[in-house]
Each structure stands twice: as C-alpha cells, then as structure tokens.
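In the numbering used here, the protein residues as written are 10 to 171. From the three backbone atoms N, C-alpha and C, an ideal C-beta is built for every residue, glycine too. Here the structure comes first, spelled out in structure tokens, and everything after it is commentary.
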Amino acid sequence: MDLKNLLQSFALKELGQGMAVTLKHFFKPYITVQYPEERTPLSPRFRGEHALRRDEQGEERCVACKLCEAVCPAQAIYIEIDPQSTAEKRLTRVYDIDETKCIFCGYCQEACPVDAIVMGPNFEFYGSVRSDLYYDKKRLLANGERWRNELDACIAADARYR
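Quick look at the structure:
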C-alpha cells in the first residue's frame, strides 16, 4: 500500500478541500440576517394575512360574487349574501376566513374581480387559541384599514403583471 492509497483511504484530500472552502468564506462579510433586529424587504407579491378592502367612498368592495369561496382549495372561506342587498349592489352578510385551514395560495386574491380580498404584508400574526385565527368580516375590514397604504402600494407595483 503506497502513500497515495493511504491518503485516499483516510479521505484527507476531501478534508483538505473542505477546509479550504471554509477558510475562503471565513473572511467574507456575513450574509445571515439577524431576524428580529434586521428585516429583509418583502416582495409586492407576498401573501400574508388576509384583508378586505374598501373603495374610495368607504364602501366595502366585495360584490358577493363568491368566486373566492369557489376557488379556495382548502375551503377556508365562507360567504353568505345579505338578503337585503339589491341587484345593483350585492353585499355580504357573513365573510369568514379560517386561517387554520388556509394554505396561503393566493387564489382568492387572483379570482376577485374587484380586488376586494387581498393578502397583506403581515406575516407575524398568531393566535393563542384556535378561535383567534377565525377571521370574520369585521376583522378583515379592520385589516384592510390598518394595511391600506401598504396594500395600495403592493397592488400598484403588481398591476402590470395582472
């Protein structure tokens, strides 16, 4: 057994190559983001917490077409049409989203013809009990008001791709 075979049997060549890569990267600047202190920018297409938007007059945009409910693969959306609504202006009486079922695919946002349901930039939402993740119409509209500027900017940035 010669020296070459002995070195290969102990994998010293591969070990040396690995250490060379380690030393090469050891003196380069860090690329790891220290999350709570540092934040990376979010894409305009980011799909986070759901929100219902209002139009310029303050009326809710949803026309109760139920396309979002039909297209949801997880069946996380439940809508009831308000019986008092007219043919000119259909409104929802119940608009619920179960965030525990949602897979955040974005189909609801893509299916909506009036951009009423959107997925906002908030990914830091949680619930201490399961019922905290059941969103009703009131909470969805509040999310739309809270994230209004960010949602408008994201929709405007994404408009040319739609």
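Runs of the alpha helix (DSSP H) lying entirely within the segment 107-132 and spanning at least 4 residues, in chain order: 116-120. The alpha-carbon separation between Arg62 and Val42 amounts to approximately 33 Å. For the pair of segments examined, the segment 92-106 was found not to touch the segment 154-169: the number of CB pairs separated by less than 8 Å stays below three.
Taking 3 residues as the shortest admissible run, the segment 21-62 contains the following complete beta strand (DSSP E) segments, listed from N- to C-terminal end: 59-61. When C-alpha distances from Lys75 are compared across Gly67, Asn131, Lys110, Val123, the shortest belongs to Val123.
A distance below 8 Å between beta-carbons, with the five flanking residues on each side excluded, links Ser94 to the following residues of its chain, in chain order: Ala73, Leu100. Between the alpha carbons of Lys22 and Lys37 lies a distance of about 24 Å.
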